[in-house]
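Shown next, in structure tokens, is the structure this report addresses.
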Amino acid sequence: MKPQNAITPTREEDFPEWYQQVIRVADLAENSEVRGCMVIKPWGYALWENMQAILDRMFKDTGHQNVYFPLFIPLSHLQKEAEHVEGFAKECAVVTHHRLELQDGKLVPASPLNEPLVVRPTSETIIGATVAKWVKSYRDLPILLNQWANVVRWEMRPRLFLRTAEFLWQEGHTAHETETEAIEETERMLHIYETFARDYLALPVLSGEKTASERFPGALRTYCIETLVQDRKAIQAGTSHFLGQNFAHASGIQFQSRSGQLEYAWTTSWGVSTRLIGTLIMMHSDDDGFVLPPRVAPAHVVIIPITTKEETRATVLSQAESICAKLREQSFHGQPLRVELDTRDLGGGVKNWEWIKKGVPIRLELGPRDLESGSVALSRRDHSPKDKQFIPVGQAIAEVPDLLADIQKNLLIRATQFRDAHTHSIDSQEAFYQFFTPKNSNKPEIHGGFALSHWNGSLAIEEKLKADLKVTIRCIPRGISAEPGKCIFTGEPSIQRVVFAKSY
RNA sequence: CGGGCCGUGGCUCAGCUUGGUAGAGCGCUGCGUUCGGGACGCAGAGGCCGCGGGUUCGAAUCCCGCCGGCCCGACCA
30 MKPQNAITPT REEDFPEWYQ QVIRVADLAE NSEVRGCMVI KPWGYALWEN MQAILDRMFK
90 DTGHQNVYFP LFIPLSHLQK EAEHVEGFAK ECAVVTHHRL ELQDGKLVPA SPLNEPLVVR
150 PTSETIIGAT VAKWVKSYRD LPILLNQWAN VVRWEMRPRL FLRTAEFLWQ EGHTAHETET
210 EAIEETERML HIYETFARDY LALPVLSGEK TASERFPGAL RTYCIETLVQ DRKAIQAGTS
270 HFLGQNFAHA SGIQFQSRSG QLEYAWTTSW GVSTRLIGTL IMMHSDDDGF VLPPRVAPAH
330 VVIIPITTKE ETRATVLSQA ESICAKLREQ SFHGQPLRVE LDTRDLGGGV KNWEWIKKGV
390 PIRLELGPRD LESGSVALSR RDHSPKDKQF IPVGQAIAEV PDLLADIQKN LLIRATQFRD
450 AHTHSIDSQE AFYQFFTPKN SNKPEIHGGF ALSHWNGSLA IEEKLKADLK VTIRCIPRGI
510 SAEPGKCIFT GEPSIQRVVF AKSY
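Each residue of the first sequence is one higher than the one before, counting from 30 in my numbering.
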């Protein structure tokens with residue numbers, strides 16, 4: 030009684046449960062003792078480090094510098110920007126004491142702080158307060174900062190990688206002399222996210238602007254990249270905010286302009302988080318586990334020596350080591366190949382399936398029979414586990430970089446086809462409701478997708494759709510020709526179609 | 001913070017109605033047979049049955065309180 034797939038249940042049977050199982054069997058992360066907080070395990074963290082390294086390079090190449098600001102934000106700082114406070118007040122962790130005392134054998138908080146400290150949900154306010162001190166003249170601008178940090182948002186409904194109380198991210202914060210420059214920066218970073226998502230994570234994203242109701246608290250404009258994962262729900266994979274002069278006013282970021290006037294700076298902020306890992310999982314993985322895009326994979330290739338026959342073990346191992354060494358001399362996309370050699374004394378099937386579940390792009394099995402024929406069994410993760418090609422060792426080694434490139438390309442094509450297949454222009458309210466209503470309301474089947482429809486711009490419609498269908502406007506897309514039309518809910522004029530979906 | 005469910009070895013759970021000193025599967029350890037689709041046999045380790053109190057000769061089981069978790073709602077990268 031062998032299960033056909035490594036993951037039970039399948040995506041079709043129960044998507045949320047499947048998602049959790051993938052994380053578990055791929056050994057990416059687990060829930061911690063602390064409610065809502067996760068432990069990111071070595072395989073998951075290595076993936077994050079690869080993402081970090083690429084993004085970090087991209088930020089530096091566009092003139093940004095890394096900094097580190099405190100985890101604790103004085104309550105008074107957060108209070109300065111009204112909308113900002115309102116947006117985050119409900120999910121802040123607050124530190125109120127600075128020591129513990131032993132009372133009746135139990136540790137209790139003692140010594141209240143004069144002013145409570147908020148554990149950063151984001152750092153606009155404290156960075157703003159600091160940057161205000163650094164900026165005196167237009168000559169001090171722009172200031173282009175980024176920090177890699179953890180943030181805390183006390184979520185009621187945690188889900189590994191998608192929504193946890195504490196998560197890792199990067200937050201960019203910049204200050205500019207003019208509105209135009211700040212807007213350019215906002216768009217530049219959005220574009221970087223878009224490029225990163227597409228070229229490295231193989232995520233086809235839609236980029237656009239958020240409606241007022243979905244905007245970052247305190248921002249004038251919020252841009253985002255949105256993608257559609259396999260249960261046809263949208264997920265926001267990155268955001269970039271044009272903050273206008275709101276935070277400059279709140280924090281007093283003022284400078285003397287070229288004409289000698291005292292002016293407020295124009296600021297931006299932008300970020301992506303470990304949520305990208307959740308997005309990757311839901312986008313590319315299958316019923317056998319995780320599928321890693323080669324460019325961010327912690328290992329590009331795993332070599333699986335079949336070492337079970339005592340008499341051939343030594344030779345198989347030494348051949349495996351030699352292949353490993355030759356592979357490591359090669360490179361893929363400007364990086365030395367990352368190769369794992371699994372020398373554990375386990376059955377071939379066991380080892381093979383472990384690496385399938387972890388999502389390694391290429392597996393090379395090397396057994397005693399291969400030694401005689403001078404070949405190796407090559408499998409790629411984007412093909413069926415049954416597909417195994419026996420090819421000469423030298424050829425296999427030479428082909429690996431090209432195969433990785435092909436897998437990378439293939440994942441993007443697949444994901445793009447999926448997105449396109451589930452993106453529809455919808456021109457009537459009836460069709461819209463039908464699109465977002467599951468046939469089986471007790472246990473909703475996978476349904477919906479991206480709906481491109483005309484909308485009159487009113488908040489009332491957004492609220493009604495959210496209440497009726499849990500559908501929101503994901504973004505007002507760019508790059509889609511702005512063909513005018515009529516709002517499908519009110520018949521009023523509409524400038525362009527916007528993107529609706531159910532979302533994470 | 002409102003409504004429902006549940007706390008028993010690492011994990012998933014049975015046992016509770018009808019109180020009598022703890023079980024299964026998976027995982028783990030050892031040995032052996034296997035081994036290129038994730039195998040099997042045998043032998044083991046591992047639990048103050050969420051916490052506190054009560055009823056009782058005796059409580060995982062009945063009663064009360066507390067704590068923790070899950071699901072459904074409101075909020076969210």
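Glycine included, every Cβ here is placed at the ideal spot set by N, Cα and C. Predicted model only: the values in this text are computed from it and were never measured.
Extent of the continuous beta strand (DSSP E) to which residue i belongs
i, result
"S482", "F479 to H483"
"Y293", "L291 to Y293"
"V160", "That residue, V160, is in no beta strand (DSSP E); its alpha helix (DSSP H) goes E153 to W163."
"H25", "Since the first residue of the chain shown is 30 and the last is 533, residue 25 is not available in this structure."
"N175", "I172 to V181"
Endpoints, alpha helix (DSSP H) assigned at residue i
i, result
"C353", "E339 to R357"
"P397", "P397 to S402"
"L107", "L104 to L107"
"T209", "E208 to D228"
"G423", "V422 to A450"
"Y74", "P71 to D90"
"H569", "With the chain represented from 30 up to 533, any question about residue 569 goes unanswered, as that position is not in the structure."
"V54", "F44 to V54"
"T308", "R304 to H313"
"G378", "G377 to K387"
"A277", "N275 to S280"
"L494", "L488 to L498"
Buried versus exposed call for residue i [16 or more other C-beta atoms within 10 Å across all chains shown]
i, result
"H329", "buried"
"E214", "buried"
"T466", "exposed"
"L608", "Nothing can be reported for residue 608: it is not among the residues displayed for the chain, which extend from 30 to 533."
"Q199", "buried"
"A472", "Reading off the sequence shown, one finds Lys at residue 472, where the question assumed Ala. Label assigned to K472: exposed."
"D431", "exposed"
"F419", "exposed"
"H205", "buried"
"D260", "buried"
"R410", "buried"
"R186", "exposed"
Nearest candidate by alpha-carbon position, reference residue i, set the options
i, options, result
"K239", "T501, F461, I517 and G378", "T501"
"S269", "I282, E292, G237 and S166", "G237"
"C504", "Y222, R526 and L191", "R526"
"L107", "R149, A139 and S523", "R149"
"K89", "K165, R217 and T39", "R217"
"F479", "K531, K338, L488 and A434", "K531"
"T151", "H126, S140, K165 and R182", "R182"
"E210", "H362, W295 and T224", "W295"
Alpha-carbon spacing of residue i relative to residue j, whole angstroms
i, j, result
"E401", "L441", "38 Å"
"S61", "D416", "38 Å"
"V234", "I254", "6 Å"
"A226", "K70", "23 Å"
"A35", "P414", "11 Å"
"L393", "L407", "5 Å"
"A425", "V405", "7 Å"
"G555", "L232", "Given that the chain is displayed from residue 30 to residue 533, the structure contains no residue 555 and the question cannot be resolved."
"E459", "R188", "33 Å"
"T341", "D399", "11 Å"
"M30", "G508", "For M30, the pLDDT reaches just 38, beneath the cut-off of 50, and the residue's location in the model is therefore unreliable, leaving the point undetermined."
"F447", "S482", "19 Å"
"L129", "Q49", "37 Å"
"E78", "A326", "10 Å"
"D43", "Y97", "41 Å"
"T452", "T445", "10 Å"
"L76", "T251", "27 Å"
"R357", "P365", "6 Å"
"T125", "S105", "14 Å"
"A241", "E112", "12 Å"
"G116", "K468", "35 Å"
"W299", "R324", "23 Å"
"L249", "F271", "6 Å"
"G534", "C353", "Examination of residue 534 is not possible in this model, given that the chain is present from 30 through 533 alone."
The stretch 258–265 / the stretch 305–325 touching (three or more Cβ pairs under 8 Å): Three or more pairs of CB atoms, one per stretch, sit closer than 8 Å, so the stretch 258–265 contacts the stretch 305–325.
Taking one C-beta from the stretch 313–327 and one from the stretch 378–391 each time, how about it: are there three or more such pairs within less than 8 Å? The stretch 313–327, when compared against the stretch 378–391, does touch it at the 8 Å Cβ threshold.
May I ask you to verify whether the stretch 170–189 touches the stretch 83–98, counting CB pairs closer than 8 Å and requiring at least 3? Yes: the two stretches touch, three or more of their Cβ pairs being nearer than 8 Å.
Would you be able to state if there are at least three C-beta pairs under 8 Å between the stretch 331–339 and the stretch 357–371? Using a C-beta cut-off of 8 Å, the stretch 357–371 makes contact with the stretch 331–339, since at least three inter-stretch Cβ pairs fall below that distance.
Check whether the stretch 274–284 touches the stretch 160–169, counting contact only when three or more Cβ pairs, one atom from each stretch, lie closer than 8 Å. Cβ pair count under 8 Å is three or more, so yes.
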